[in-house]
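Visitor: This is the structure I want to talk about, given as structure tokens.
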Amino acid sequence: MAAEASGQWRGLRNVAILLLIWEIVGRFDLVAGGALPGISEILIRLWIDWGDYPRHIWATLYASTVGFLIGNALGIGAGVIFALSPTTLRLFRGVNIAVFALPPIAIAPILVLTLSGMAPRIALAALGVYFVTMTATVIGLSQADSRATDVIRAYGGTRWDVLRRVQFRGALPSILAGLRVAAPNAVLGAILAEFGGGGRWGLGAYLLGSLGRGEPDRLWGIGLVATVIAGLSYGLFALLAARTIGASRAVTLNTAVPDAAPRAGHPAARLALTLGTIALPFLVWWAFIEVTGVPDLISKTPWGVVDYLFLGPTAESAQARLLAALAETLPITFLGMAAGLGFAFLLAISSRLFPRAIDAFMPVALVTQTMPLVALTPLLVLILGRGTSLTLWVTISVTFFPAFVTLAQGLALVPRSAEELPRAYGAARWTEMRMVTIPASLPYLFAATRLTVPRALLGVMIAEWLATGKGLGNLLNQSRGFLDYGMIWTVAAVSVLLSVLFYQAVVMVERRVLRRLGMATAE
Amino acid sequence: MTPDGISLSGVGKTFAGRGKVVEALRDVTLSCPKGSFTAIIGPSGCGKSTVMRIALGLETPDTGEVRIAGKAPMGAARAGETGVAFQDAALLPWRSVRRNIEVPLEVLGRSIPEARDHVQHMIELVGLKGYENALPGELSGGMRQRVAIARALVTHPQILFMDEPFGALDQILRRQMNQELQRIWTETGSTALLVTHGIDEAVFLADRVVVMHANPGRIVDVIDVGFDRPRAPGLFSDPAFHRVCDHIAEVLHGG
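Chains A and B, in that order, are what the protein sequence lines are. To convert, take the position in the first sequence, counting from 1, and add 119; that gives this note's numbering. To convert, take the position in the second sequence, counting from 1, and add 4; that gives this note's numbering.
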């Protein structure tokens, strides 16, 4: 108890020191000629501007709450179906990866074209929620204690009895943990839609509107409010989860091996399934256009995009512009991602060398998980200007923190005895790291890479859209201005496709490497 | 006291945690002569694993002195004079059986190519011929534990530490491994210290059984076991064997 209290005390002290440094740096305009105001200045400005806030906050809250509800209904519903039918899960793999990997800013203009009013914002918030909740539901349901399900079955219980009496209850902690992560995602989704869709009200619109006026203290105030809203939404579900999870942890160790997904027998059936997996996202795209009933001129089907990019009269110019934009965007995406992952990896493995420093940093890294980091890009524009370094830093910051948290939490799972073995033979810290810590971190490095691929692309596109005027993000923004509908759909399709391909490439390398090393894939 | 064995004198250790201070060990004095086999037995939380961790140099005692083969624990470890098998096999999942057994050699900076034949010999000694290149995930629990034993022996240790090495195995496999351990220990002639929960295992293997009690962790009795070696499996059903076991059980339960 004494140790815990002193740890909390140390944490508070660190935060206080940080805030003090911020205040001093801000008051004396030490960063980029006053781009970082002192905390007191930000708060005073927030007080002055307070009259403007309620309508903006209400708009963002409304979109994110409705999106959160819809996304969760879809996520839990789909999760239940997937858990019951592995074939359906397999069939929807393409759609699920696409939803996970799509950079929200890329499809924001499409949603604005096809939907109206608040619907685009709600849709993007719901998309940010769906994947997290769906995954949490599937994992929760399929990890149910197999001894408990055996008990129900042994008394003649049906599949539904098992689902109702064991699996739902067992999945609750996992689902709640999912909701906790999903809540700030909904806020982020709504803000990104506000960036990409115009409209007058909403914190994203407010940020964008204030960016041009060069008032750092106001921008920081809006960023602060957005962060607090996202943080509160996380805290609400963290509290809910803490109250429920206590009762449903297994007391004894489950030794039964979970059922593997059944493999479709016939090769032809398997081929059909794979083709279906690839075709389904395009079918969803096509169906979306049919349902919304937007005229052909504005909405492009998959075939419409192919026609625009390869067959139409402006195909050559379109290809040239797209390739030029990709040549700008892709290198910096990889560079930023590599740097973010590299920093995270070095910091995480050095936690064995400086455990106390990392312990002090961990709370900060965890807090960033609830922050709409990429939505704070306008603040970075103030500090870093509109050059390439902005793009790079936005990308590094959105990849570094989640990668670090994944790696550090993964490394904490390495069994103590495995680490003690080299030490029992008098190994130095470095030898211990080389032999145990670094190889053991591999599955988590892959998991972190999978996680950061779409975020890196999103970070680059946001920076390009809002500030630098280069690359894919800018092409998308320009096409919006020129009403070049073909290009809007093309950029959206290409960026989603690229993100999915990168993701899939990482998964394939991961599987091969980990299988060779006899290691399991980390979630 | 022979300087070559294990010697702990007046060792004390306290842990601070959860608002109270736990006295894990109080005045533990133990000396194991060279070539002897000593078993430590006691209830969970009596500090028997802490004794071993202190002897290994993974923990430092608050009071008292520890000498392993006449050296400080870490010194003995760096000189390659100790071998260790933990409660779980603690194999590195990404290394094959052979490469797992080579881990201590790598840490000690010894030549791997030169030790090739010896490593092969160790693999055969624990009966894993043909599994040299298998990964731990492909082995059964008993096989993994045998890899851990081979790894503990690969450095020709003078001192062999084992912390409940067969705790996760079933009774049948456990007896089989006890047999093998006795054979291997006889062949290597090392000083062995075994921490265990099993009374019969301790009596079957050890020259002396050290009984510990908890709160605070302390040694309450040392019982000599004089059966002739090599001990055959039939010993498990010998009345004399049961008398020793019953006596230890009495001491364990506060008799």
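Don't be surprised by glycine CBs; every beta carbon is placed ideally from N, CA and C.
Looking at the strands, I want to know which residues DSSP matches up with Leu29 of chain B.
Guide: B:Lys17.
Visitor: Please list, in chain order, the residues of the stretch 70 to 82 of chain B that have any C-beta partner in chain A closer than 7 Å.
Guide: Listed by position, the residues of the stretch 70 to 82 of chain B near chain A (Cβ gap below 7 Å) are Met78, Ala81 and Arg82.
Visitor: Under 8 Å between C-beta atoms, does Pro573 of chain A make it to chain B?
Guide: With 8 Å as the cut-off, Pro573 of chain A does not count as an interface residue toward chain B.
Visitor: For chain B, check one thing: does any of its Cβ atoms lie closer than 8 Å to the Cβ of Thr640 of chain A?
Guide: It does not: the Cβ of Thr640 of chain A has no partner Cβ on chain B nearer than 8 Å.
Visitor: By the three-class DSSP mapping on this structure, what secondary structure does Cys249 of chain B have?
Guide: Helix, per DSSP.
Visitor: Using a C-beta to C-beta distance shorter than 8 Å, which residues of chain B count as neighbours of Met552 of chain A?
Guide: Within 8 Å Cβ-Cβ: nothing; Met552 of chain A doesn't reach chain B, min ~12 Å.
Visitor: Closest Cβ-Cβ distance between Pro65 of chain B and chain A: below 8 Å?
Guide: Judged by the 8 Å Cβ criterion, Pro65 of chain B is not in contact with chain A.
Visitor: I'd like to know whether the C-beta atoms of Gly186 of chain A and Val248 of chain A end up nearer to each other than 8 Å.
Guide: Yes, the Cβ-Cβ distance between Gly186 of chain A and Val248 of chain A is below 8 Å.
Visitor: Tell me whether His257 of chain B sits in a helix, a strand or coil according to DSSP, three-state version.
Guide: In this structure, His257 of chain B counts as coil in the three-state DSSP scheme.
Visitor: What is the DSSP secondary structure of Met181 of chain B, reduced to helix, strand or coil?
Guide: Residue state, collapsed to three classes: helix.
Visitor: What's the C-alpha gap between Ala369 of chain A and Leu210 of chain A?
Guide: Unreliable placement is indicated for Ala369 of chain A, whose pLDDT of 37 sits below 50; the coordinate value is still reported in the next sentence. Rounded to whole angstroms, Ala369 of chain A to Leu210 of chain A spans 32 Å at the Cα level.
Visitor: In whole angstroms, what is the alpha-carbon distance linking Val517 of chain A and Gly289 of chain A?
Guide: Rounded to the nearest angstrom, the two C-alpha atoms are 33 Å apart.
Visitor: Tell me, to the nearest whole angstrom, how far the beta carbon of Ala312 of chain A is from that of Pro239 of chain A; I am working on the premise that it is less than 8 Å.
Guide: That belief holds up - the Cβ atoms of Ala312 of chain A and Pro239 of chain A are roughly 5 Å apart, short of 8 Å.
Visitor: Kindly list the residues whose CB is nearer than 7 Å to the CB of Gly145 of chain A, restricted to its own chain and excluding five residues on each side of it in sequence; keep chain order.
Guide: The answer, listed in chain order, is Leu155, Pro156, Gly157, Ile158 and Glu160.
Visitor: Between A:Glu551, A:Thr568 and A:Thr556, which lies nearest to Leu530 of chain A when the distance is taken from Cα to Cα?
Guide: Out of A:Glu551, A:Thr568 and A:Thr556, A:Thr556 has the C-alpha closest to the C-alpha of Leu530 of chain A.
Visitor: Counting only the same chain and skipping the five closest in sequence on each side, list residues whose C-beta sits under 8 Å from that of Pro491 of chain A.
Guide: Once the five neighbours on either side are set aside, the close Cβ partners of Pro491 of chain A are Pro303, Val306, Leu307, Ile310, Ala345, Thr346 and Ala349.
Visitor: Along chain D, which residues have their Cβ under 7 Å away from the Cβ of Pro169 of chain B?
Guide: Among the chains of the structure shown, chain D does not appear; the protein chains present are A and B.
Visitor: Thr195 of chain B by DSSP, collapsed to three states: which one?
Guide: DSSP places Thr195 of chain B in strand when its eight states are reduced to three.
Visitor: Could you name the residues of chain A that Val111 of chain B contacts, counting a contact when the two beta carbons are closer than 8 Å?
Guide: Result: Pro541, Tyr544, Gly545, Ala546, Thr550 and Met554.
Visitor: How far does the beta strand (DSSP E) with Phe41 of chain B in it extend, from its first residue to its last?
Guide: Phe41 to Ile45 is the span of the beta strand (DSSP E), which, as asked, contains Phe41 of chain B.
Visitor: How would you call Val207 of chain B, buried or exposed, if buried means at least 16 neighbouring beta carbons within 10 angstroms?
Guide: Label assigned to Val207 of chain B: buried.
Visitor: Is there a Cβ from chain B that is less than 8 Å from the Cβ of Leu636 of chain A?
Guide: It does; some Cβ of chain B falls within 8 Å.
Visitor: Can you tell me whether Ile195 of chain A is buried or exposed, with buried defined as 16 or more other CB within 10 angstroms of its CB?
Guide: Ile195 of chain A comes out buried.
Visitor: Which residues bound the alpha helix (DSSP H) around Glu63 of chain B?
Guide: Run containing Glu63 of chain B: none; DSSP gives neither H nor E here.
Visitor: Can you tell me the Cα-Cα spacing of Cys249 of chain B and Leu96 of chain B, whole angstroms?
Guide: Taking the straight line from one Cα to the other gives about 36 Å.
Visitor: Kindly list, in the order they appear in chain B, the residues whose Cβ is closer than 8 Å to that of Pro534 of chain A.
Guide: Here the neighbours are Asp92 and Ala94.
Visitor: Mind pulling the chain B residues with CB within less than 7 Å of Ala537 of chain A?
Guide: Those are Ala94 and Leu96, listed as they occur along chain B.
Visitor: Does Val88 of chain B come within less than 8 Å of chain A when only Cβ atoms are used?
Guide: Judged by the 8 Å Cβ criterion, Val88 of chain B is in contact with chain A.
Visitor: Return the CA-CA distance between Thr256 of chain A and Ile294 of chain A, expressed in angstroms with no decimal places.
Guide: In a straight line, the C-alpha of Thr256 of chain A is about 5 Å away from that of Ile294 of chain A.
Visitor: Run through chain B and tell me which residues come within less than 8 Å of Pro558 of chain A, C-beta to C-beta.
Guide: Simply Leu96 and Trp98.
Visitor: Who are Met216 of chain B's beta bridge partners in DSSP?
Guide: Per DSSP, B:Ile223.
Visitor: Quick check on Leu298 of chain B - is its C-beta less than 8 Å from some C-beta in chain A?
Guide: Nothing can be reported for residue 298 of chain B, as the shown portion of chain B is limited to 5 through 259.
Visitor: Taking 8 Å as the CB-CB cut-off, is Leu62 of chain B touching chain A?
Guide: It does: the Cβ of Leu62 of chain B has a partner Cβ on chain A nearer than 8 Å.
Visitor: What residue range does the beta strand (DSSP E) around Val130 of chain B cover?
Guide: Here Val130 of chain B belongs to no beta strand (DSSP E), and DSSP marks it neither H nor E.
Visitor: Which same chain residues end up closer than 8 Å to Gly431 of chain A when comparing Cβ atoms and leaving out the 5 residues on each side of it in sequence?
Guide: Ala437 and Gly605, listed in sequence order.
Visitor: The alpha helix (DSSP H) with Val632 of chain A in it runs from where to where?
Guide: Here the alpha helix (DSSP H) through Val632 of chain A covers Tyr604 to Leu636.
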